[in-house]
Every structure is written in C-alpha cells, then in structure tokens.
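Read the structure below first, then the notes.
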Amino acid sequence: METLITVLVGLLVTVAVYLLLSRNLIRVILGSAVLSHAAHLLLMTMGSGLKKGSAPLLGENAASYVDALPQALILTAIVISFAVTAFLLVLAYRTYKKTGTDDLYALRGFDDE
Amino acid sequence: MSVNVMGEFIGALLILLGGIASVISVFGLIRLPDVYTRSHAATKSSTLAVLLTLSGTFLYFLFREQFVSVRVLLGIVFVFLTAPVAGHLLVRAAYRSKVKLADISTEDALHEVLYTNETENDGSSDKS
Amino acid sequence: MPAQLLLNLFIAFLWMTLMDEDELKFTTFFAGFLVGIGIIFFMHRFFGTQFYLRRLVKTIKLLFIFISELTQSSIVVLGQILSPKLKIKPGIFKYETVLKSDVEVTMLSLLLTLTPGSVVMEVSPEGDTLYIHAMDVEESKAGLIKQLKNFEKAIMEVTR
Amino acid sequence: MKINDVILKTVTRIVVFIILTFGVELFLSGHNNPGGGFIGGLVLSSAFVLLYLVNDIETVRKGIPFDFKKIAAIGVFLAVGSGVGSVLFGENFLTQAFGHFDLPIFGVTELSTVVLFEAGVALTVVGVVVTIILTISEDV
Amino acid sequence: MIETMLMVSLVLFSITISIAIIRIILGPSMPDRVLALDMIGVNLIATIAVVSIILKTKAFLEVILILGILSFIGTIAFSKAIERGVIVERKRDG
Amino acid sequence: MTITLSIFIPFLAAIFIPLIYQRIKSRHIGWFVIIVPIALFVFLASYIPSIANGSTYIHTIRWVESVGIHFTTYLDGLSLIFGLLITGVGSLVILYSIYYLSERESLGRFYVYLLLFMGAMLGVVLSDNLMVLYVFWELTSISSFLLIAFWYHRKKSRYGAQKSMLITVSGGIAMLAGFIMLQSMTGSFSVREIVATIGQYTDEPLFIFAMLLVLLGAFTKSAQFPFHIWLPDAMEAPTPVSAYLHSATMVKAGIYLVARFTPIFGGETVWLYAVSGVGVFTLLLGSLNAVKQTDLKALLAYSTISQLGLVMSLFGLGSVALQQGYSTDSVIYTQATFAALFHLVNHSTFKGALFMVIGIVDHELGTRDIRRLGGLMAFMPVTFTIALIGSFSMAGLPPFNGFLSKEMFFEALLNARNLEVFTTNSIGTLVLVAAWIASVFTFVYSMIIVFQTFFGEFHQERVEKPINEASKGMLIAPSILATLVIVIFFFPNVVGNYLLRPAMIAIYPTFAGAERLTPHIKAWHGFNPALWMTIGVVVLGTILYRFMRYWRGIYTIAPLKWNLDTAFNAGLTWLENGSHFLTRLYMKGYLKDYLVYIFVFFIIAVGGSILFTGSYSFDFSDDSSIAINEFLIVLAMAGAGLAMIFVKSRMTAIILNGVLGYSIALLFVVFRAPDLALTQTIVETVTTALFLLCFYFLPEWKKERSGKKTKIFNGIIAISAGIVVTVLGLAVQGNKMFESISVYFEDSYRLAGGKNIVNTILGDFRAFDTMLEVVVLFIAGIGVFTLIKLKSKKEEQDIEDQ
Amino acid sequence: MMNNIIVMPMIIPLMTGIILIFLRTRVNSQRILSILSSIATIAVSLVILNRIQHEGILRLDFGGWLPPYGILFVADSFSMLLVVTTSIVTGILLIYAFSSIGKQHENMFFYPFIFFLVAGVNGSFLTGDLFNMFVCFEVMLLSSYVLITMGGRRIQLVESIKYVTINVLSSWFFLIGIAYLYGTVGTLNMAHLSVRVAEVGQGPLLTVISLMFLIVFSLKAGLLLYFWLPGSYSAPPTVVAALFGALLTKVGIYAMFRIFTLIFYHETAITHTAIGIMAILTMIGGSIGALAYNDIRKIVSYNVVIAVGFILAGLAMSSEVAFQGAIYYLIHDMIVKALLFLIAGTMIYLTGKAKIEEMSGLIRNYPMLGWLFFITMLSLTGIPPLSGFISKVFLGQGAIETGSYLLLAVAFMSGIFVLYSLLRIFLNCFWGETIISEDDDVPLKKGMLVPCVLLAIMTVAIGIGVEGLVPYVSDAARTLMNPDIYIEAVLQGNR
Ligand code: NA
Ligand code: NA
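Chains as they are written, first to last, in the working numbering: chain A, -2 to 110; chain B, 28 to 155; chain C, 531 to 690; chain D, 6 to 145; chain E, 78 to 171; chain F, -3 to 798; chain G, 17 to 511.
The structure is reproduced here in structure tokens:
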C-alpha cells in the first residue's frame, strides 16, 4: 500500500508540476492545489505504516492505533494550504480584473523593462 | 442463526443490493443519450443505492453493536431531502444553459415558456 | 394538543418510577413514552380533539405510498437502462397542481423527483405549474399523472 | 420566466438546521470523537455558505447582521488568549486544564479549557470562510 | 459470507466511482460532469459506510453526513455557476 | 594620550566648524580652521628632539578588546615625518585656500571635508593597530572622494570622484584581506608585534598573498601603475585639495604603508620585484605621459604619479638590505630608503609649491591650458619665481632640494645594479636605464611648466580674465614652500638627522645601531657616475625640449597611445551592459522560468544526490496489503489527475480537482483517519466553491499556445520531479531508523483527558501549531478582504508602469 | 521552569495585531498601541537576551509538554539577537509608516499585518520544533502576501503572483522535507532530530533529505534561488519593502544556520560545500544584478541578494569565527537594509521617479537624506567604523582559518560591487545639477527622516560600540558551533 500511494504521490506531483509550468494562472493555482494533495498523502505514508492499527480513537478499545502524529500534521497543513489557495485564487481574480489577462506571459511585471 | 446474525446478514444484503443498484445507475450514466435522461439514472437510482446501503449499515450496527446510529439515520433523511433537490437544480441549470435535449425527445413544454419571449430570459447565458 | 403531549410525558415518567431502576435510563423513558402513545390513542376521543400524532400516522402513510411508487418506477427505469435497445421517448410536460403552499409544492416535487423516470425541471414563478421531464413521456405520462394525484392527496392529508 | 427557487429554499430551511446542529455536536464531541473546533467550525460555516448560496447576501445579512471579520477576530483572540490565560495563572503558555466534575444534571462530566481554545478555532473558521465568500461575492 | 458481500459491494461502488470519473472527463456538457460528481459524492457515502463496517468502527459515521451535506452544497454551487455564473448574489433582482 | 587626541582634534573641529560657519558669515571660516593644523604641527614638532633621540610614544585605548582591535597610537620617526607633512602642508594649504576660495563657495562643507581628511590621515600614520589603520585608510579615500566632487554639479568632478573611490576602496578591501591574513598568521593586529614576530611566519603559504594584497592597497592609494588612472581625474578638485591630498599627503599613504611594512615583508624577493618594478614602471610612464599634457594640472598629476613611482622604487631597492640581513656591507642598500624618505619630503615641498602656482594661474586667468598661456613672467614675477624654483627642483637641478634626492636615487640604482638578484639577468641595468629616461622626461616637463607658461608672448584674448599678479595672501604659502626648497638644499642634514634618521630606524629596526644608516648628505661629491647621469639628463632633456615638436608624434604610436582610462571607462560600461545582458538572460520575469529553475535545481540537487550517494535501496517487505477497491480508487485518482492536464475546460479541471480531493478523503478513511477525512471533505468543498466564485469573473481557458518542444520540456521536468519525490519516498519507507515519538500520544486520555488522539495532539500537545494555523487562516481571511477592498486611487501615478 | 517570557516576542505582536483589528477606523489609537507594543517587545527581547547570558539557553514547553513530544520555544543568543534586531527595526519602520502609508491602508488593517508578520518572524527564530517552524513561516508568509499586494497596483499584483506561487512551492518542499525527515527519524523536535541523526550518523539518505531543506531555505533566503526577490521587493510600498528587505530573507538564513549547524552538520563535504558554491554564485549574481539596472528599487533589491550570499558564506566556512562574522552581518544587514530601502523609497516619493537617470541634485534640497544615503552606502560596503566592518573582519578570519579563499575573494569583491552600485545612485541622484526647483520641492516629512536617522545612528553605534555586542555574538557562535549546548538545554535529562 505504501508503495502504491508513494507512486500515486509521484504521479500527482508530475501532474502538479506540469500544471504549474503552464502559462495560465488558473492552471497554476490548480497545480498548487494538487501539489498540496500530494504532500498530504506523502506525509500520511511517512507515519509508522498505513492501515496498521485502528483509527486513533481511544474509545473503541483497539489493540493498536495508526500513527496519529502525521494525521495531526496533515490537518494543520490542509488548513494552511486552504488559506493559501484561497488567497491565491482571490489574487488571481484581482489581477485579472486589473490587467484583463490571466496569461502569465503577459504578466511579466518588473522585468519587462 | 441468531437474530443478530440474521440482522447483520440482512444489512449486508441491503448493502449488496445497493452496490448493484449503484452499478446499474452508473451504467445508465454512460448509456443514456442526454444529461436529462442521465439525471434520472444518477439522482434516483444512486439515491436508492445509498439509501439501501445506509439502511444496511444502520441495521448492521444496530444488530452487531446494539448501537443506534443517529448519524446514519440523519444521513438517510438528509439524502432523502437533498438528492431530489440537487437533481432538480442540475436539470434546470442544464436546460437554462441551453444543453440540448436528445433527438429522440418528443415533447418540450418548457421551450415556449422560456425562449419565446427572450426578454424574460434572465441569466441563462452560458457563463461556465 | 399540548395537553396530550404533556400527558404522554407524564405517563412516561410514571412508567419510569414504576420500573424503579437504579439509575435513570433513556430506554425506560422511551418505553414509557410508547406505552403512553398507545394509551392516549385509545382514549383521545375523550378529549374531544384529534389524536395528536395523527400527522405522524399520515406521514407514515405518505411514506408507504412513496416507497411503493419508488419501487415500481425504479424497476421500470432499471429495466429501461438495462434493456438491450433504448426504446424511450423522453420529453418535458406541464402539470398544474392544486397544491398551494411552498411546503406542499416542495414535497410534491421531491417525491416526484425521487421516483425514477421523472424530474421536476421548473416551478413557475407563481408556484402553481410544474414542468416535468419524463424518461418516457408517451408510455408513462398517464401513469405519472396518476402518481402525482396520489401524492397530492396524501400530502394534503398531512399538511391540512 | 423568472427562476423559482421554492423547492431549494424550502428544503434549505430544514437542512440548515440539521447542519447547524451537527456542527455544534461535532465541535463539542471533538475531544473524544472525530470532530473538534476546526471541523465544527467548517460545518457551521458550510451552513452559512448554504444560506448565501440559496438566498442573496442582502437577505441573509438582514437575518444574520454580524460582521464576520469581527467574529473571526474574536475567535483568534480566544484561541491565542486562552494561551495567555494560562500564563496569567502561572502555568506554561497554552497549558490546558481538564478535570472530571460531578455536575447535578449532567452527571460526571469532563470539563476542559480546551473547549475555550476550540471555540476560538471554530469562531475563526466561521468568520474567515464567510468573510472570504462574502468579500468575493460583493465585489462585482 | 457477510465479509464477502461487503467486499463485493465495495468493489461495485469503486467501479461506479471510476466510471463516473470517466463521465466527468468525457462530459460532454458541464451539467453532465456535475451530475457525475454528485454521483461520486453519493457513492462515497456508501463506500464509507461499508468501510466503517469492515473496519468495525463508528469513527467514520460523521463523514457520511458531512459528505451528504457537502455534496449537496457543491451541487447547488455548480448548478448556480452553470445557470447564472454567479453563485452568490448580492441582491436577487426577482 | 595627547597623540591620540591629535587624531581626534580634526574630527572634533569638523563637527564644530558647521556650527561656527552658521554664526559667522562675515569672516572667512578658514581662519578658524587653520588653527587646528598649526597647533598640531607645533605639537608634533615638539616631539622632534625626543624622537631623534630614539624615543617612541605609544598609547592604547581599548576598543574591540575581545578581538584584539585596540585604538593604539604609535609615534616613531616614520610617523612623525608624515605627521609633520600632514599638519605642515595642511596649514599652508588652508592658508592658501583662504585666499583661493571665495566666500560664496560652501566653505563649511569644504573645511569639514578637509579636517576629516586631516584627522584620517593622521590616524593612518599614527595607528599601530592594523584594523584602526584600515579605518582611517578608508576614511581618507572617502574624504578624498568628497573633496574631488566638491563641485558636484560638474560631471567631470563626479566622474573623478567615482573613479578614485572605486579604485582606492577596492585596494583598501584587498589590503584589509591582507591584514586579516597577517593577523591569522601572527595572531595580532599590532604592527609592532607583527614586526617583532614576523620572522617565524615568513614560510607560511599565506605570507606572500598577504604581502601582495597589502601592496595592492598601497599601489592603488599611491597611484601606481596600473591604478594611477584615478589621479589625473582627481584634479577636478579645488587646487588646494590637489596640492594637499593628491600630491603631498594622501597619495603618500601608500608609500607610508610600504615603508611601514618593509620590516615585515622586505625580506622577500617578491617584495623587491613588486615594489621597485611597479615603481620604476610608474616613474617612466608618468613622466612620459606628463610631457604630452596640455592642462597644467594634468601635467602635475602625471608628474606626481611619476615621482611617487620614483619613491616607491626606492623603497623597493632599500628592502634589499633586509634580504641580505644585517651586515656592514648590506647597510649600503639602506641608502635607497634614505633617498626615498628624503625625496618624499622634498617632493612635498616643490610639488606643493607648483600646485599652488598653477592654482594661482588658474585663479587669475581662468585657464590652465598651456596652449593658451605664455609670457606670464612679466606680469606675475613672484609666481614665476616660485614656479621656477619648484620646477627646477623637480627637474633635479641645483641649488634645489630635488637635486640632492635625485642624485641619491641614481646612486641607489647604481648600488643595486651589483645585487645578486639583478646581475643574473641584467634587469638592474634595465631599471637603471628606465629610471634615467624617466628623469630625462621629468626634466622636459619641468621645463615645459616654466618656459611655456612664463616665457614667450602673452595673449590676453586667449585667457578668461585680465592678468594681475596674485594677491599677497595667496602667495604666502607657496613662497614658504619655495623657501624650504632652497633651505633644504643648503641644510639637508638637519632634515637628515632630525627627521630621516629616526624614520630609518623605524624601517630598519635590526639596523638601528648601524652608523651608515643615515649618510651625510652632500651637494657636491665629485664627478661620480650619479653626477654624470644628471648631466646627461640635463643635456638630453634640453635637446628634447628644444625639438619637441619633431618627436611629439611618438605619442600617437601604439603603446604610448594606449589609454588605460578608456579601458577603465570601457570596462565600466562593459560591466554595466554585460551585467544587464547577463541578468536579463535569466531574470525574464516569467513565473514559469523561475519555477523551472527551482525544479531543475531540485531534480539536480536531490535527484542527483540520490543517484550519487546511492540512496535508492528500497524495502517493500513492510508494506500493508492493497484491497481491490483501494487499488481502483488509486487508479481513478491517477486517471483524474492525468486528465487534469489535458482537459479543455477549466470547470472540468475544477471538478477533477474535487474528485482528487474527495478521493483523498476516501483514502483517509481507508487509512483510519476520520478527522482528516472530515476536514478534507469540507475544505475541498469550500475550495471548490471559491474556485467557482472567482470563475464568474475569469475568462475561459484559452488553448495553451506553447509549442510542442515546450510541452515536452515541461513534461520531462514534471516527470523527473515526480520520480524524485517517489524514489525518495520509497527510500525513506525502506529505511525507517527510529520508532516515532507518537506512541507517547496514545496515552492521551490520561495525559490530556481526550480520547481522540489526533484532536488531543491538535488541542493540547501541539496546540501551538493549531493556534498559529488559526492565525494563518485569519490572516488569509482578512487579507482577502483587504486585497479586494483596498484599491489605490492614484493609479495614474504608477511609476513602474511607465 | 517558568520561562513564559520567551513566548512574548511572538505573542505581543500577535495579540497587538488581533486587537488592532477591532480598532480599524481609529487610526490614532492604532498608532499609539503599535508603538507601545513595539517598545514592549523590544524591552522583553532585551531582557531575554540578557537572561540567557546568565542562565544559559532558555526554553518554554508549551502546555508543559516535555520535548520532544510537545512544541517548545528555545531562546539562545543567536535567535534572540535576531529577535531583538527585528523588534527594533520594526519599531523604527512603524514610525516611518505613520507618515507615509496613508489612511487608506491604515483603515485596511495595515498595522495588524505588520504585527502578524513580525510574530511569524520572531516565532520562526524561537521555535524548537521543525513543523512549528513551518507553521511560523506560514504566518509570516501569509502576512507578507497580503502586505505585498496591499494597494493593489498592477505591478504589485503581477509581482505578488510570482512571489506567492514560488513561496507556495517552497512551503511544499518544506512540508515534504519534514515528511521525509519524520519518516526516517520519527521526530520533529529539532534537538531531538539532532540527537537521532547523530546517533545513526548522517548517512546518504539523511544527506539527501537535508538537501530538501537546503532548497527550502535557499528559496526563502534567496540563496542562489533568488530570482523571485528583486521583483517582489520592488513592488510594495516603501515600508513594506524595507520590512521585507530587512527581515524576510533573514528568516531563511536563520533557518539555514539552525538546520545545518544543529541537525545536518556531519556531512559538510556535501552540504556545506554546496552552500559555499551557492553563496559564491549568489554574490556574483547579486553583484551583476546590482549593476544591471537603473531602477533604484532593483539596485537595492539586488543588494539584498549580495548580502545573502555574504552571510551564508559564513555558514559554508563553518567555523566559530565565521559564524560570528555572519551573525554580525545579519544584525548589520537588517538595520542597514531597512535604512537603504527607506531612503530609496523616500527618494521615489520625493521625485515621483525611480530611475537614476531621472533624478539629480537631490542633495541640495534634501541634504540630510543624501548624507544618510552616503552613510548607508559606506556601511554596506563595509567601510569602518560602521557596522558592516566587523563582520567582514570576522568572516575574513573565518575564511582564512578554514582555507576558503575563493569565498573570501568573492565576498570581499562583492563589497566593491555594492559600493559601485550604490555610488551610481549617489552620484546620479544626489549629486549633479539640481533639477527640482524650490517650488516643486516636495517637503520631506520629519516622520520619514527620523526613522532613517535612528537607523543610521544604529549602524554607527554598532560599528563603534561593537564590543558591547561581543559577548552575545560570541555566545551565539559558540552555541552554533557546539550543538550539544543547544541539545542539552532542550532535552535536559529527557533524552
Ligand atoms: Na486542498
Ligand atoms: Na501548501
């Protein structure tokens, strides 16, 4: 399972990187969203094993529990990446309204002296 | 076979039925000609599938752990309430965004009301 | 009606004290409540009012109508999907309902939409006309309208 | 023909209350079951989002006349402040206290300062999500 | 026996989800995709229900309701986006 | 203590001058300023007797004690000479400037700079600590910079200032590196301590580097080839400044440094080659260039370069004595150093006088162009006399002090010719010839100054102002210097015994007892080779001067035509253009390019090191099982992910992203993470809603217009990045080295009263993370609000949008 | 152990930021509170710094959970020196903001974002937990995202898209780096990480993982991967640019030092060599960039890049003296870069132009500003006795001690490029013909000048009074050189 997920992570990274290298702003943002999916999955596989134990709830009296720490970390990471994605999205929206384009080739900024 | 095992079995059976219903409905999703007919398959059959499964789950927990899962009950109610609304909204959106009916369609009572008087037509432009 | 409810609660408490258990249990209370319902149903004519859980009964009745319709039409639609050759003639038709309030119209729409083969597409701004998409207009229009009437009646029993 | 959202609106009226109740339940049960301030907050805010989706902003604002930025700020204030609070009690920053109390009606109940912290989290989430959605929607 | 039935239904749900994804990719119209997404959401509910039976835990029952809520909200949002473009209106004109 | 104070007095004065200047506008502020150098001169002069008796004075103020940087002042013979020069010439220059600069100029600024310089220069020569020395060293560069650009509205002034600053500060930085190396070797920043212990370290590999770096500092400051190019442009400064900084004192800081470091580095042959080689070359080049100048000040600048080269080469030759080690025979070589010190003093007198004279000409006539001048002798007799004295001294003619030091220079060269290092390949002769030729040209340009300016016909129409002799005040200072030129010729041994001898002892501590360390200076010592050389100079020089128009053409021939200035300017332009070109090459402003850089770096660094270190040992034995449905989900995710790349509608892409998100939630369920599954589902939905919200305003995707090549390139990067992440992930899974700390948290109910471990971690064990995460969310929320609501109104004033 | 005080440098700004949200429209109250809060932060930081000298490294276990299980703050001289400098610089920059940022911004939560930024920065300096550092980074980054876009001018939006995207990417690298590290050694506490890495020896795999962190912090610090920096630092309002120029890269630099001295210090042949090469390339790239443009903001931004290379050259050398040099330079650079950005911004404010060829003779109308620039230029060049000098000496000693001559050469040469690039500004803009007539003279507000003067005083004071800093800096360098001191303090009897 770990291997499968890690390969999936690699695949998601590939997709995300490809999207990030696009010239369309929305693709870039989508890329960053996929990227964070990949990171969260990767973090999951880095615990002490997938599916080895039950859900980390003491009420259910299981013999062993899965690694809870990565879960906590991912939770934090999800929230942060949500915050960032939200901001980035609004930034894209504002930029489009201001400049009339979402083509990153047209959005060079300072270096186009 | 005790009552509990019996209950569990019924639960599992319901779930299996749900699975089958689900596959059939997704079959419809592929097979049917337009979004309107597909929506029949999707919203109804899959709703059925979920209701079956959730009922099965409810029974399973009830008989196995004597646990009355309010959440599952609430889930059933919720799906009951919302699935048709979702279907209705989607079909309406499809029609208003001018997704064509399949050629085999025979009757369109809505066309005259919506599109004969274009001035009344608000917000049906395809923005997506 | 509140009187019936209070009475029912009283019966439940009574039941609980009669049971005389070590601790307070919800199940005991619930059992008492059920007993109360039974007692009150038999005695409600003494109050001169209708049984306060009448709507519940009617609702259950509506539910049964719905489930039977659901099963019937599900079979029809599943058959249509699975039949080797699609022989459906979909279409949109208009239905003017006798129902008035938002809740009633909504209930009707939900039930109709939940049963396979039909989806409510639009409700007219006045709220009295439904535009319905049917999987097979030619074959099942009559059946659908019968179903609608069925639902309308059952709904009115609950709401009015 | 004008769009008539009667079905949607009617169902929403019921659904919103289910969601809200569920959200509060999640928030409270978080310490022992899945849930907690964050998830609870998200569910609560999804109820608000639903309201905004189904009705328009002006209508919702009439019913819920809060400044959601302030709500978020209050939330953060609570979350950070609960940490500062423990400093005032001479404990390490962010020390949470918990204990089991025998309360008259609820029986043996666990009370924890985490609740305060989680409430802050929940309020922030609600405030922020709604603020974001409102801000974008209002900017046409 | 029960175990097998559950596993089979799990596979069935997974197939449904996979096919729905194909529908999303193929379209052709946007409502088609949203329809498929909605279907995925609903089937996820079923899947999670089955998974929690298999895992013998009640931990995921919350997820069921949440998924129901969210797939509903999502579908509303999408249909409004398709129908009107704007999904939250400032003031409804009607 | 008082010596330390003498460094600070000019700085203190510099602070007070602006205050006084604001009050007293009626009087020339210079009269207040001049008190400072005169007082300091008198004060330093009072040390002459005791220093001559062999005393030295040292005083330390602690500064950065822990690093060994102390504010230590050290007064010995060498620093005394320089101290006297600085204050003495300083007094005269200020006196001169009082008449030279009108009160309309920003005198406050001028004198502040000048005092700053004076303090800095005193600091350079009086500091024992290398770091403190460096402090003052750079301060002289800065004050020079400010003085050169005193008239900063002139383009040429700014250019000159920039050039001098760049060159001297660069040299200074090199020197700093050298100093640090010295300290690293010897463990001390104190020159005296280093001198005392250097013998142990001469074999260190750094020793030579340190030497070269220090020399770089000295050469840049003293305008040695090829760094001399800043000096002619520094002539844009007001003439008093040129006289003071760029001829008498600051440019001699490099000389001072060489002298100071002779006991440290002098034992090395490299030192000899470098110092005397560069010196002679500079001497020759300077004199050759001086001849072709038409601007008198430029002529003097090149002459200064040349004379500095002369002094420099002498110091180099003098170091031979150290290489030979102390013996009665080797003492002879110290004569070169003696000559150097002597010429140093002499040069300050005659060159100072000459600068002032040229300043007078410029001041009175408004031009310094030789081609426009002539016949001034009749109108400006005093000026002429001073010019004559100065020039003839520079040319090495008696009865002026220049004659004495020039003769000693030739003698030193003749002595050096017998050296072992030189005899082998006749370099000695070459040096001798070069020096002699340089002297010939020195003679020529000295004559040019005198004859082309003061003889011939005067044409009023060629100059800017009506001709008049300069005011008496302006003549006082050059007159004093001219007098000194003659006085020193007649009483050279006063200078020799009281000033030069202690300095010699400072430079050759090991030779302190040697009788012949300070020779008796005689004007007449018979017809020795040196005298013959001088006669030769005069004869050939006269001939060349007379027939100049016939040979001037040689300046158009290649090596003489070559101009380092053009090279310098071209270098700077090339640097700027090249920088622009290079930077623009990779700073394109496209986000994509920047991302490509990052990924390429990632692939090379991480991927490369995985390959390089072989960290790709996998171990799949610990993997948990995969159920069919799980496999299907993963497959579906892969499909949805890949499809995102190809879909044509952004809405579809969003839906696919949602599918990914929900599927991950499902995976979280499979992985027993209920809280995650919950959060992921909601967050995914809200994110999707946000996407939809914004989409209303955004345009539909256009087809990517990038070509096939770009797509393939992007694809390769994307795939490589994916592979690296996966491989590293697998490697880590196969190499778990420790038990995770998270077992501890399974005790959460007892520890923190919660049964949901994840929630307990979030709310208790790692509550701080959660608190900050909430803050992050909050910032994003308020930030979105700000981003949308705050719109700048003054859009048209957007400068970057021009 | 009650060390609650060491969370204060983060919590005071955080709470201030939150409270300021409620004071949205009351600008004066905002200002007063801001200043009071800054003073409090400075005071608290100074107290902590001095306590460390007597009591050794201080730590605070949040919630009382012992490391490595809980999160903790660790205050050592290195981190506290940076915290102190940050607090002081921010306080001074706030004064500049009062007179320059404008009511529009002030009503839009400008000050809260500044305080959140500072909270993030100080948190990053103080945290002893790797994942918490990630979170602190995000607090800082999110604030910086907002600040860079505030005002919404075209250029801000365009540049911030790049800035945000690149930072999102670097955060991602950070996250997966943490994932890998956690997967290998199973802990997050930095001291504990150090212990565990040392226990198994930093094998190839751990070295590869350490390179992940190299990428992350290089991106944040602008080490080699600095291409995002010039644009982003040129776009926002002056105060913000100054804040960025002074603080943001420093956090990356700090993290780089922390990680590569505390955890990954075993394989210097790979990691530190890489850092050295990158530092050299950074200095070269920065130097070239500083000469490449005529836009003041760009020149100034590339100067930031040069400094990054310079400081990390100290890390590459990896000796106590070199660390001292780097720390001095860090402190110096925070102050003087802030000053430089302020002056550059003020120049643009006064003239409405940004290119050097479009300005001239400013010194006549604004002599004070001109001389401040002059001091800044000298200080950055490393001219004594200003603050940049001493670090140059230490770094030079470190280079010689470790035989890093190429680093030494490039580092010292970069000083010349700094000088030249700034000299171009000085000569072209301050000197030359005065082109602004007395009538067009935009008055230079006192509120803008005072902060500049304060910063200039600091660079002089630090330069001359450097002995006062010596104990702190040498303690900081000693701790960096001997990770055991840090580990001992964090895991006292708890290994
Ligand atoms: Na996400
Ligand atoms: Na992220």
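Idealized CB from N, CA, C, for every residue including glycine. Because the structure is a prediction, the values reported are computed rather than measured.
- The continuous stretches of beta strand (DSSP E) do not include HIS34 of chain A, which lies in the alpha helix (DSSP H) extending over residues 22 to 42.
- Taking the Cα positions, GLY392 of chain F is about 31 Å away from SER42 of chain F.
- Under the Cβ criterion of 8 Å, ILE79 of chain E is not counted among the residues facing chain F.
- For the stretch 122 to 140 of chain B, residues whose beta-carbon sits nearer than 7 Å to a beta-carbon of chain D comprise VAL140.
- In this structure, the straight-line span from the alpha carbon of ILE650 of chain F to that of GLY132 of chain D is close to 25 Å.
- Residues of the stretch 34 to 64 of chain A whose Cβ lies closer than 8 Å to any Cβ of chain F, in chain order: HIS34, ALA35, HIS37, LEU38, LEU39, MET41, THR42, MET43, GLY44, SER45, GLY46, LEU47, LYS48, LYS49, GLY50, SER51, ALA52, PRO53, LEU54, LEU55, GLY56, TYR62, VAL63 and ASP64.
- Looking at the DSSP output, TYR96 of chain F bridges to nothing.
- Under the DSSP assignment, GLU687 of chain C falls outside any beta strand (DSSP E), being part of the alpha helix (DSSP H) whose first and last residues are 667 to 689.
- In the three-state DSSP reduction, TRP570 of chain F falls in the helix class (H, G or I).
- What ILE137 of chain D touches in chain F, judged by beta-carbon distance under 9 Å, is VAL682, LEU686, LEU689, ALA776, GLY777, VAL780 and PHE781, going in chain order.
- The beta carbon of HIS282 of chain G sits closer than 6 Å to those of GLN218, all from its chain and outside the five residues before and after it, given in chain order.
- Interface residue (Cβ-Cβ distance to chain D less than 8 Å): ALA763 of chain F is classified as such.
- Looking at the DSSP output, VAL650 of chain C sits in a beta bridge with C:ILE662.
- ALA136 of chain E has a beta carbon lying within less than 8 Å of a beta carbon in chain A.
- Per DSSP, the unbroken alpha helix (DSSP H) holding ASP349 of chain G starts and ends at 336 to 367.
- DSSP lists no beta-bridge partner residue for LEU361 of chain F.
- For ILE301 of chain F, the uninterrupted alpha helix (DSSP H) run begins and ends at 292 to 314, by DSSP.
- The beta carbon of ARG458 of chain F sits closer than 7 Å to the beta carbons of ARG368 from its chain, once the five residues preceding and following it are set aside; these are given in chain order.
- In summary, the residues of the stretch 45 to 59 of chain B whose CB is separated from some CB of chain E by less than 7 Å are GLY45, GLY46, ILE47, SER49, VAL50, VAL53, LEU56 and ILE57, in the order they occur in the chain.
- Neighbours of LEU86 of chain B in chain E, taken as residues whose beta carbon is under 7 Å from its own, are absent, since the nearest beta carbon is some 10 Å off.
- Within the same chain, ASP61, TYR63 and ASP135 come within 8 Å of LEU128 of chain B by CB-CB distance, once the 5 residues on both sides are set aside.
- Interface flag for SER91 of chain D against chain E is unset, since no Cβ pair is found closer than 8 Å.
- Its Cα nearest to that of GLY144 of chain G, the residue G:THR203 stands out among G:SER248, G:THR203 and G:LEU173.
- Ranked by how close their Cα comes to the Cα of TYR344 of chain G, the residues G:VAL320, G:ILE291 and G:PHE405 have G:PHE405 in first place.
- Residues of the stretch 651 to 663 of chain C with a C-beta less than 7 Å from any C-beta of chain B: MET651, GLU652, TYR661 and HIS663, listed in chain order.
- Boundaries of the alpha helix (DSSP H) harbouring GLY193 of chain G: 170 to 201, taken from the DSSP string.
- Using a Cβ distance threshold of 8 Å, VAL88 of chain E and ASN625 of chain F count as a contacting pair.
- Close partners of ILE416 of chain G in chain F (Cβ separation under 8 Å): ILE176, MET177, SER180 and LEU202.
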